[in-house]
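Below: one structure, written as structure tokens.
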Amino acid sequence: MPTEEIVSVVPELLQPAPPGGHPPSGNEAQSSPLSHKEERDVKERTGHGRQLSAFQTYVNLVTVVIGAGIMALPQLPLRGGWVLSALILLVVILSTAESGLHMWKAFMASEGRMSTYEDLGREAWGPLGQVLAAVVANLFLFGIYSAYTVLIGMQLENLSQNALDKQHWILILYPAFLALALVPDLSALSRLVPFGMVAACATAACIIGKSMMDSRRWKDWDQHQEMHSPWPQESVMALGVVLATCIGAMTFHPVVPAVLQDMAQPEEFPRAMLGAATTCGILYLAVMLWGYHGYGVFIRQDIVQSMTHSPANLEEALSNSEVWDWMGEKSLWVPPLVSSLVLVNIILSMPIMMMAVFYSVQDFKPFAPHLKPGSWANWIMRMTLVTSVWDAT
Numbered sequence: 001m002p003t004e005e006i007v008s009v010v011p012e013l014l015q016p017a018p019p020g021g022h023p024p025s026g027n028e029a030q031s032s033p034l035s036h037k038e039e040r041d042v043k044e045r046t047g048h049g050r051q052l053s054a055f056q057t058y059v060n061l062v063t064v065v066i067g068a069g070i071m072a073l074p075q076l077p078l079r080g081g082w083v084l085s086a087l088i089l090l091v092v093i094l095s096t097a098e099s100g101l102h103m104w105k106a107f108m109a110s111e112g113r114m115s116t117y118e119d120l121g122r123e124a125w126g127p128l129g130q131v132l133a134a135v136v137a138n139l140f141l142f143g144i145y146s147a148y149t150v151l152i153g154m155q156l157e158n159l160s161q162n163a164l165d166k167q168h169w170i171l172i173l174y175p176a177f178l179a180l181a182l183v184p185d186l187s188a189l190s191r192l193v194p195f196g197m198v199a200a201c202a203t204a205a206c207i208i209g210k211s212m213m214d215s216r217r218w219k220d221w222d223q224h225q226e227m228h229s230p231w232p233q234e235s236v237m238a239l240g241v242v243l244a245t246c247i248g249a250m251t252f253h254p255v256v257p258a259v260l261q262d263m264a265q266p267e268e269f270p271r272a273m274l275g276a277a278t279t280c281g282i283l284y285l286a287v288m289l290w291g292y293h294g295y296g297v298f299i300r301q302d303i304v305q306s307m308t309h310s311p312a313n314l315e316e317a318l319s320n321s322e323v324w325d326w327m328g329e330k331s332l333w334v335p336p337l338v339s340s341l342v343l344v345n346i347i348l349s350m351p352i353m354m355m356a357v358f359y360s361v362q363d364f365k366p367f368a369p370h371l372k373p374g375s376w377a378n379w380i381m382r383m384t385l386v387t388s389v390w391d392a393t
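Note that full-length UniProt numbering has the sequence shown beginning at 1, numbered continuously upward.
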């Protein structure tokens, strides 16, 4: 995004040149709008310079957004009809992008004074707002991290065919997640995170492709026109579930402060964020509509079950029998493939989420002098937070 556009939306960035100063050189004119002093402050606070490129930011955001929540999208039209469900998802995508832009404008307008949610809370409500923002944002991220920890154990339990239960798998992986927690910043994860994005996109492609293949079966059945509904078949209140699921699936805002702190050029964030929102939005809409199209009224709450087992006819599909008792074709390769892809994605998205928590704690004013990045105290803080989550799960 050109500097002129940034100034037009964030006029606070337009500062007069200092008396006796010299015009900026070409390299200075193209650099971040932060001053040299502010850049030094960032480096002193975070323990590193800004290194994350716009493309790496895009990859990080896509990896965080497309998590296990993508598996819940194909079932939503069963509650809200495919027309309203798709419209709700589209509205959520647009509103998420819009709110992300406003967050970026707020952080950029602060000229380095605000870099976390706690700073925004302090600016609005003083010390009380700072504490409330810290509690809400970090509890949310801790909740997702804990849920992902349990999900990792469950996926490995399934892949190993119950050779070990999920608690043992969680314990085995603990050292690996402890090591990931000690990386200094998001740019240090940049070589690994693209694998998470590829796994996320491959999960979406797998759901879309398998749904398209399976839709051919019911097209030969009589009365197949009753397979789908454009409008809600339950109470209108069911749309609340659709809305909540879509909002949860598109959430990336908790990691925005951490990402902005690590970007080499924070003014490039809108391009990266809009690219990520577009990518995730297209994949989400395709997964929702094609997933529902492939299985319609007999889609199961676990989309993997629908992708693995096929009914022989409409009567069997609408019966109360379990999916593993269906007499149609079985695709036993689906569960291990989807579990592996989801596993890679959530393992690589978890450090990004926890990095936002680490930045929040180490930037908190009472703790900042004692938790300087790279110090033993900072490492102990990170290990303690990760250990508390893994111990609780």
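For glycine and all other residues, C-beta sits at the position ideal for the given N, C-alpha and C.
Residue 266 and residue 304 - do their beta-carbons sit closer together than 7 Å? As a working mapping, residue 304 is identified with position 304 in the sequence shown. As a working mapping, residue 266 is identified with position 266 in the sequence shown. No, the pair does not count as a contact, with Cβ atoms beyond the cut-off.
Buried or exposed: residue 281, going by 16 or more other Cβ atoms within 10 Å of its Cβ? For this step, residue 281 is matched to residue 281 along the sequence shown. Buried, since its Cβ has 16 or more Cβ neighbours within 10 Å.
Can you tell me the Cβ-Cβ gap for residue 84 and residue 270, rounded? I've got them flagged as a contact below 8 Å. By 1-based counting over the sequence shown, the position of residue 84 is 84. By 1-based counting over the sequence shown, the position of residue 270 is 270. Actually they are not in contact, since the Cβ atoms of residue 84 and residue 270 sit about 30 Å apart, beyond 8 Å.
So residue 63 and residue 345 are in contact, right, with Cβ under 8 Å, and what is the actual spacing, rounded? The count along the sequence shown starts at 1 and reaches residue 63 at position 63. The count along the sequence shown starts at 1 and reaches residue 345 at position 345. Residue 63 to residue 345, Cβ: 7 Å. Contact.
7 Å CB neighbourhood of residue 96 in its chain, flanking five on each side removed: Looking up residue 96 in the sequence shown gives position 96. Taken in chain order, the residues that qualify are 250, 277.
Restricting to Cα atoms, I'd like to know which of 100, 91, 55 is closest to residue 244. Here residue 244 refers to the residue found at position 244 when the sequence shown is read from its first residue. Nearest C-alpha to residue 244: 91.
State the CB to CB distance for the pair residue 255 and residue 114, rounded to an integer number of angstroms; the pair is presumed to be in contact (CB under 8 Å). Position 255 of the sequence shown, counted from the start, is the residue given in the question as residue 255. Position 114 of the sequence shown, counted from the start, is the residue given in the question as residue 114. Actually they do not touch by this definition, with Cβ atoms about 16 Å apart.
Are the CB atoms of residue 196 and residue 339 nearer to each other than 7 Å? Taking the first residue of the sequence shown as 1, we reach residue 196 at position 196. Taking the first residue of the sequence shown as 1, we reach residue 339 at position 339. In this structure, residue 339 does not lie closer than 7 Å to residue 196 by Cβ.
If you draw a straight line from the alpha carbon of residue 261 to that of residue 74, how long is it in whole angstroms? Your numbering for residue 261 matches position 261 in the sequence shown. Your numbering for residue 74 matches position 74 in the sequence shown. So the two alpha carbons sit approximately 35 Å from each other.
Measure from the alpha carbon of residue 171 to the alpha carbon of each residue in 188, 163, 149, 181, then state which is nearest. Taking the sequence shown and counting its residues from 1, one reaches residue 171 at position 171. Selected option, being the one with the closest Cα: 149.
Excluding the 5 residues preceding and the 5 following residue 59 in the sequence, name in chain order all residues of the same chain whose CB lies nearer than 6 Å to its CB. Within the sequence shown, residue 59 is the residue found at index 59, counting from 1. Hits under 6 Å: 193, 194, 197.
What is the DSSP secondary structure of residue 350, reduced to helix, strand or coil? On the sequence shown, residue 350 is found 350 positions in, with the first residue counted as 1. Correct three-state label for residue 350: helix.
Should the region 352-369 be regarded as contacting the region 320-332, the criterion being three or more beta carbon pairs within less than 8 Å? no
Measure the CB-CB distance between residue 341 and residue 199 and report whether it falls below 7 Å. For this step, residue 341 is matched to residue 341 along the sequence shown. For this step, residue 199 is matched to residue 199 along the sequence shown. Yes, they are a contact pair.
Pick out the complete alpha helix (DSSP H) segments inside the region 108-156, 4 residues or longer, and give them in chain order. none
Just the Cα atoms here: how many angstroms apart are residue 145 and residue 221? Taking the first residue of the sequence shown as 1, we reach residue 145 at position 145. Taking the first residue of the sequence shown as 1, we reach residue 221 at position 221. For residue 145 and residue 221, the distance between alpha carbons rounds to 44 Å.
Around the Cβ of residue 165, are there at least 16 other Cβ atoms within 10 angstroms (buried) or fewer (exposed)? Working through the sequence shown from its first residue, we reach residue 165 at position 165. Classification of residue 165: exposed, given that the 10 Å Cβ count is below 16.
Return the chain-ordered list of same chain residues with a C-beta closer than 7 Å to the C-beta of residue 129, the five sequence neighbours on each side being excluded. Taking the sequence shown and counting its residues from 1, one reaches residue 129 at position 129. Correct list, in chain order: 121, 122.
For residue 312, count neighbouring C-beta atoms within 10 Å of its own C-beta (all shown protein chains included) and say buried if the count is 16 or more, exposed if not. As a position in the sequence shown, residue 312 is number 312, starting the count at 1. Counting Cβ neighbours within 10 Å, residue 312 comes out exposed, since fewer than 16 surround it.
Please go through the region 194-280 and give each complete alpha helix (DSSP H) segment of 4 or more residues, from N-terminal end onward. 238-249, 256-262
Pairs of beta-carbons, one from the region 169-183 and one from the region 375-389, closer than 8 Å: are there three or more? yes
Can you tell me which of the three DSSP states residue 94 falls into? In the sequence shown, counting from the first residue as 1, residue 94 sits at position 94. The answer is helix: DSSP assigns residue 94 an H, G or I state.
Delimiting residues of the alpha helix (DSSP H) encompassing residue 167: For the purposes of this step, residue 167 is taken as the residue at position 167 of the sequence shown. It spans 166-181 - the alpha helix (DSSP H) in which residue 167 sits, taken as one unbroken run.
Is it buried or exposed for residue 383, if we count other Cβ within 10 angstroms and need 16 for buried? Position 383 of the sequence shown, counted from the start, is the residue given in the question as residue 383. Classification for residue 383: exposed.
Is the CB of residue 109 under 7 Å away from at least one CB in chain B? The displayed structure is made up of one protein chain only, and chain B is not part of it.
Apart from the five residues just before and just after residue 263, which ones in its own chain have a Cβ nearer than 7 Å to its Cβ? The count along the sequence shown starts at 1 and reaches residue 263 at position 263. Closer than 7 Å at Cβ, skipping near neighbours: 50, 52, 57, 269.
Using a Cβ-Cβ cut-off of 8 Å (strictly less than) and excluding sequence neighbours within five positions of residue 132, which residues of its own chain qualify? In the sequence shown, counting from the first residue as 1, residue 132 sits at position 132. Once the five neighbours on either side are set aside, the close Cβ partners of residue 132 are 121, 125.
Rank 217, 70, 242 by C-alpha distance to the C-alpha of residue 202 and give the top, closest one. Along the sequence shown, one-based indexing puts residue 202 at 202. Of the listed residues, the one whose Cα sits closest to residue 202 is 70.
Roughly how far, in whole angstroms, is the beta-carbon of residue 239 from the beta-carbon of residue 374, given that I think they are within contact range, below 8 Å? In the sequence shown, the residue the question calls residue 239 occupies position 239. In the sequence shown, the residue the question calls residue 374 occupies position 374. Rounded, the Cβ-Cβ distance is 49 Å, inconsistent with contact.
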